[in-house]
Amino acid sequence: MILLKNCKPFDVLIDGGTIRKTGRISEKAEETMDAEGLIVVPGLIDMHVHFREPGREDKETIATGSAAAIAGGFTSVAVMANSGRVCDDAVGVVYVNAKSKEAGGANVYAVGAVSKGLKGEELAELGKMAEAGAVAFSDDGMPILNSELMRRALEYSQMFGKPILSHCEDATLTKGFVMNEGPISARLGLRGYPNAAEAIMAARDCALAALTGGHVHICHVSAKETVEIVRQAKKQGIRVTAEAAPHHLMLTDETLADYESKYKMNPPLRTRDDVDAVVAAVADGTVDVIASDHAPHTAEEKEQELAACPNGVIGLETSLGVVLSIKKIPFDRAIDAMTAAPARILGLRGKGSLKAGSDADLTLIDPKASWTVDPAAFKSKGRCTPYEKMKLTGRAAHVIVGGRVCF
Amino acid sequence: MALDALLKRCRAWKHRHLLGTKDLSRDEISLVLDVAEELSALKGAEPLKGKRLFNFFVEPSTRTKTSFALAARRLGAEVVDFSPSNSSLTKGESLKDTARTIESMGVAFTAIRHSASGAPAFLSRLVQSAVISAGDGTNEHPTQALLDLYTIKQRLGRISGLKVALVGDITHSRVARSNLWALKKLGNDVTLVGPSTLVPKDLDATLSTDFDQALRRNDVVMMLRLQLERQQAGLFPSTTEYVRFFGLTRERLATLRDGAIIMHPGPMNRGLEISGEAADSDRSVILNQVTNGVAVRAAVLLLLSQVNA
C-alpha cells in the first residue's frame, strides 16, 4: 500500500495496482509519499504518438518512447500504425503490446491501420486487431482519400466498438506543402496547405459518421473551420470527437520566418485566429482531447532545407508544460483532455480516473516548477522540438503506473 | 571617389549575409546602388584580392553564375565553381555536409542557387562565410532585384514615384518577390498582374488581371518568365490563351505609356510572355539588366566583405 499524502485535491491510497480510496486519509500505509504542493491527477494519456518500432528504431523505439512518456507525466499512450513495418494485422498489435510490457514504462496501446499497408484501398483485418488489443484504427500520416473506404471502416469498426481516428487532409490540395497557406507562405515563397484541405475532409468524415452511425475522431485539429464543423456535427448528435496538439494551441505560422525545420509539421502551424479558435474549442470541450502527435525523426533528417526535411516534432516531454501555460484552458479541462476524455474515446477501462477501484496510474504535477526545455535531456531519441530553450511552468513531479512509482 | 573613401562608406552596411531584399532598409538598398555606381567609375582596384567566392549552383543558371564570377574577378577575388553535375549533392550528400566542406576550403563568400526556398537561410546558420542568395526556390533573388532597381534608376533617372507592374507567374517567382519587397521599401506603387491562379492574393500589393490597363498606367513593366509546367499543373489552360491575356505582343507594345520601359530577368520565352519586337525594342532594357548585374553583384561582395572582414 502506498499513501500519497498532502497533495491537492485529496490524499490517495494505492493498494497494489488499484486505487483503494481518496479523501483525507489518516490510516497508515507501508509507504507514504509526502506530496505537499503537488496536484494529483489520473495518469496522463496521450492518444496520438509515433514510436516508429518496428522498422525505424533509429528514430524511436517503444522503450525510448515509453520512457519519454513517463518523463513527460504520461502513463498511457496510443501509438499510430505507420511505423517502419505498418501495424495492419494482429501480429503488429501483439508486437507492440509485447514490447511495451518488456519496456516497463508507460502502457503502450496499439492503433491498428484502417487499410492494408496504409494504402487507402482495402480494409485491414480490424476484427483480428481488435481481438489482439488494438484500441482504435487509423491510417494517420496518410489521409483516407477514398470516401467509400472511410464509409466501410466506420460501419465495420462499430462491430468492435472502436473509433476511426481520421487524419483529415485532402491531399490533392496539399501537394508539396511546407507550411500553412496564407500571407506568411506567400511572403516566404513556400508551398502552402490551406485550412480548406483539412476542413473538407472533416466535413466529409462527419457526414459519413452521420450516415453510418460510426464513431469518427478527428486527429490534430488545426484550422478554425474544422473546429466549426466539429461543433456543428456534435450539435446534430453525430458521433464525432476531436483532438488538438499542444503546438496548435500555442504557435503560429509566423515562426517559419527563418525557415527552421523545428516548426515543420503536418498539419502545419496556422494563424493566430486558428490558434485562438482551437484553444477556445478545447476550453469549451468541442475538441475533447489534447494529444501530442509526438513524431520523432533523426537529426540527419530534420537538419535539412525546409522542403527536404520530414514533417513532425516530438511532444511527449513538453506537452504538460505547454498546456499548463495556456491560461485560457482551465486546469481541470486541460487535465480532462489528457485523462478521462482519451480514456473514454479509446475505451480504456480503469484509466483516466481517480475513483476507488480505478487502475493506480497517477501523475503528480508540480504546477509551480519552472524549467527550460533542453532537448539534450530528453528520453526520446527525437531532439526536434519547437520549444527548445523555452521557459515553461509546470511539470510532472512523480509518475505512478499500475501502483509502481516510476519517478 | 577613391577606394578608401568608398570602403568607408561601405561601413554603413551591417548584414553578414544577403538572403533577401525583405531584410534590407531603404537606406541599405540605396547604399548598394550607390556603391555599384561608384565601382563602375573605379578602375584597377582589387579590394577583394586573396578572397574566394564559391559559386554554389544547385539549380542550372548561366547568366547569374557568370555575373557573380565576373563581379568577383573584377574586385580581384578568386572564383570556384561548385555545380550539381560535378558536386556530391547528386550522390546524396546533405546540404549540411556540403556547407562544412565548403567552409573547410576557406571561402569568404558563397553565392547559392537552390530549388528550396530558405536554403540560403539554412546555409547561413552553418557557415562563417557570407552567404548570398543567388535565387532560392520561390522565395527571393535579391541581387536580381537590386540590379533591376539600378537599371531603372540608370534609365529613368530615379526610382521614387514610379509605378511598376510585375507581370506573369507571381506565385512561383522569386524575382517578383525580391522586386516587390525592395520597391515597397522605396515607397513605390507596385501592381501584380497575371491570371488569378498565378497571383497570390495575400501579397501586400495592388492586384490586377487587366494587363492592358496596367500597360497604360505603369512606368516600368517587368515581364516574368512563364514556366511551361504550370500549364500541365492546370494553372492556365493553354499558352495561346496566356498570350491572349498576358503576352507583351507587338500590338500591346504600342500602348505603353510615354517613357515606360520593359524589363525581363531572363531567360525569355520569345513569343510567349514577350514578343521579339518588344524584347528588342528601344523600350527594352533587358540587356542593360545583364550588364548591370556585374556592378551590382560586385557592390554586394564589397559591402559584405567589410562586415565579415
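Those protein sequences? They're chains A and B, same order as listed. Terminal number for the first sequence in the numbering used here: 422, no gaps in between. Terminal number for the second sequence in the numbering used here: 317, no gaps in between. Ideal placement from N, C-alpha and C gives every residue a C-beta, glycine not left out. Bear in mind the structure is a predicted one, so any value in this text is a computation, not a measurement.
Supposed close pair Ala79 of chain B, Arg305 of chain B - CB separation, criterion 8 Å: Residue numbering aside, residue 79 of chain B sits at position 71 when the second sequence is read from its first letter. Residue numbering aside, residue 305 of chain B sits at position 297 when the second sequence is read from its first letter. Arg305 of chain B and Ala79 of chain B do touch by the CB rule: their CB atoms are close to 4 Å apart, below 8 Å.
I need the DSSP call for Ile178 of chain B, collapsed to helix, strand or coil. Residue numbering aside, residue 178 of chain B sits at position 170 when the second sequence is read from its first letter. The answer is coil: DSSP assigns Ile178 of chain B none of H, G, I, E or B.
Please report how far the alpha carbon of Leu280 of chain B lies from the alpha carbon of Asn300 of chain B, in whole angstroms. Against the second sequence, residue 280 of chain B aligns to sequence position 272. Against the second sequence, residue 300 of chain B aligns to sequence position 292. Our two residues, Leu280 of chain B and Asn300 of chain B, have alpha carbons roughly 25 Å apart in a direct line.
Since I believe Pro357 of chain A is in contact with Ile60 of chain A (beta carbons under 8 Å), could you give me their beta-carbon distance rounded to a whole number of angstroms? The count along the first sequence starts at 1 and reaches residue 60 of chain A at position 45. The count along the first sequence starts at 1 and reaches residue 357 of chain A at position 342. Your pair Ile60 of chain A and Pro357 of chain A checks out as a contact, with CB atoms roughly 4 Å apart and the cut at 8 Å.
I'd like to know whether the C-beta of Tyr171 of chain A is nearer than 7 Å to at least one C-beta of chain B. For the purposes of this step, residue 171 of chain A is taken as the residue at position 156 of the first sequence. Cβ-Cβ to chain B under 7 Å: no for Tyr171 of chain A.
My parser needs the beta strand (DSSP E) runs of 3 or more residues fully inside the stretch 44-110 of chain B; what are they? List check, beta strand (DSSP E) in window: 60-65 and 86-90.
Is the Cβ of Glu318 of chain A closer than 7 Å to any Cβ of chain B? Mapped onto the first sequence, residue 318 of chain A falls at position 303. Cβ-Cβ to chain B under 7 Å: yes for Glu318 of chain A.
For Trp386 of chain A, the three-state DSSP class (helix, strand or coil): Locating residue 386 of chain A in the first sequence gives position 371, where the first residue counts as 1. Of the three classes helix, strand and coil, the one that applies to Trp386 of chain A here is strand, per DSSP.
DSSP has Pro10 of chain A in a bridge; who is on the other side? Beyond the ends of chain A as shown, which are 16 and 422, falls residue 10 of chain A; an answer cannot be given.
Run down chain B in chain order and give the residues with a C-beta less than 7 Å from the C-beta of Asp273 of chain A. The count along the first sequence starts at 1 and reaches residue 273 of chain A at position 258. Chain-order list of chain B residues neighbouring Asp273 of chain A: Ala129, by C-beta distance under 7 Å.
Can you give me the C-alpha to C-alpha distance between Ala314 of chain A and Lys394 of chain A, rounded to a whole angstrom? Taking the first sequence and counting its residues from 1, one reaches residue 314 of chain A at position 299. Taking the first sequence and counting its residues from 1, one reaches residue 394 of chain A at position 379. Rounded to the nearest angstrom, the two C-alpha atoms are 15 Å apart.
Let me check one thing: in DSSP terms, what residues is Leu215 of chain B bridge-paired to? Within the second sequence, the letter at position 207 stands for residue 215 of chain B. According to DSSP, which records beta bridges pairwise, Leu215 of chain B is partnered with B:Leu200.
Through-space distance from Thr257 of chain B to Leu264 of chain A, alpha-carbon basis: Taking the first sequence and counting its residues from 1, one reaches residue 264 of chain A at position 249. Taking the second sequence and counting its residues from 1, one reaches residue 257 of chain B at position 249. Straight through space, the alpha carbons of Thr257 of chain B and Leu264 of chain A are spaced by roughly 52 Å.
Check whether the stretch 290-301 of chain A touches the stretch 201-219 of chain A, counting contact only when three or more Cβ pairs, one atom from each stretch, lie closer than 8 Å. The stretch 290-301 of chain A is not in contact with the stretch 201-219 of chain A.
7 Å Cβ cutoff, Arg185 of chain B in contact with chain A: As a position in the second sequence, residue 185 of chain B is number 177, starting the count at 1. So, interface residue.
The beta strand (DSSP E) with Phe49 of chain A in it runs from where to where? Looking up residue 49 of chain A in the first sequence gives position 34. Looking at the sequence provided, one finds Asp at residue 49 of chain A rather than Phe. Asp49 of chain A: member of the beta strand (DSSP E) spanning Glu46 to Asp49, first to last residue.
is_contact[Leu321 of chain A, chain B] using C-beta, thresh 7 Å: Position 306 of the first sequence, counted from the start, is the residue given in the question as residue 321 of chain A. Cβ-Cβ to chain B under 7 Å: yes for Leu321 of chain A.
Taking beta-carbon pairs under 8 Å, can you tell me which members of the stretch 101-132 of chain B lie near chain A? Within the stretch 101-132 of chain B, the residues whose Cβ lies closer than 8 Å to any Cβ of chain A are, in chain order, Ser102, Leu103, Lys104, His122, Ser123, Ala124, Ser125, Gly126, Ala127, Ala129 and Phe130.
For the beta strand (DSSP E) containing Leu180 of chain A, name the first residue and the last one. Along the first sequence, read from residue 1 onward, the residue named residue 180 of chain A stands at position 165. Ile179 to Ser181 is the extent of the beta strand (DSSP E) around Leu180 of chain A.
How would you list, in chain order, the residues of chain A whose beta-carbon sits under 8 Å from the beta-carbon of Arg182 of chain B? By 1-based counting over the second sequence, the position of residue 182 of chain B is 174. Ordered by position in chain A, the residues that pass the 8 Å Cβ test against Arg182 of chain B are Gly204.
List, in chain order, every chain B residue whose beta-carbon is nearer than 9 Å to that of Ala224 of chain A. Indexing the first sequence from 1 puts residue 224 of chain A at position 209. Within 9 Å of the CB of Ala224 of chain A, no CB atom of chain B is found; the nearest one sits about 32 Å away.
Thinking C-alpha only, which one of B:Leu200, B:Leu234 and B:Arg233 is nearest Phe219 of chain B? By one-based count along the second sequence, residue 219 of chain B stands at place 211. Taking only the C-alpha atoms, the option nearest Phe219 of chain B is B:Leu200.
Quick test of the definition: if touching needs 3 or more C-beta pairs under 8 Å, does the stretch 215-230 of chain A touch the stretch 254-270 of chain A? Short answer: they touch.
Using a 10 Å radius around the Cβ and a threshold of 16 neighbouring Cβ atoms, would you call Thr72 of chain B buried or exposed? For the purposes of this step, residue 72 of chain B is taken as the residue at position 64 of the second sequence. Burial call: buried.
Is DSSP giving Leu8 of chain B helix, strand or coil here? There is simply no residue 8 of chain B to check, as chain B begins at 9 and stops at 317 in what is shown.
What distance in whole Å lies between the Cβ atoms of Leu206 of chain B and Val198 of chain B, which are believed to be in contact at a cut-off of 8 Å? One-based indexing of the second sequence puts residue 198 of chain B at position 190. One-based indexing of the second sequence puts residue 206 of chain B at position 198. Not confirmed; about 16 Å, so no contact.
Can you give me the Cβ contacts of Glu213 of chain A inside the same chain, cut-off strictly under 7 Å, excluding the 5 residues immediately before and after it? For the purposes of this step, residue 213 of chain A is taken as the residue at position 198 of the first sequence. Cβ contact annotation for Glu213 of chain A (same chain, cutoff 7 Å, sequence separation greater than five): Cys183, Glu184, Ser237, Ala238, Thr241 and Pro282, in chain order.
Short-range partners of chain B found in the stretch 291-318 of chain A, where Cβ spacing is below 8 Å: Those residues of the stretch 291-318 of chain A that come within reach of chain B (Cβ to Cβ, closer than 8 Å) are Glu315 and Glu318.
CB contact check: Asp288 of chain B to chain A, cutoff 7 Å: By one-based count along the second sequence, residue 288 of chain B stands at place 280. Asp288 of chain B does not count as touching chain A.
With distances taken between CB atoms, is the gap from Leu361 of chain A to Met62 of chain A smaller than 7 Å? For the purposes of this step, residue 361 of chain A is identified with residue 346 of the first sequence, where counting begins at 1. For the purposes of this step, residue 62 of chain A is identified with residue 47 of the first sequence, where counting begins at 1. Yes.
Unbroken alpha helix (DSSP H) run spanning Tyr158 of chain B, endpoints: Translated into the one-based positions of the second sequence, residue 158 of chain B becomes position 150. Its alpha helix (DSSP H) spans residues Pro150 to Leu164.
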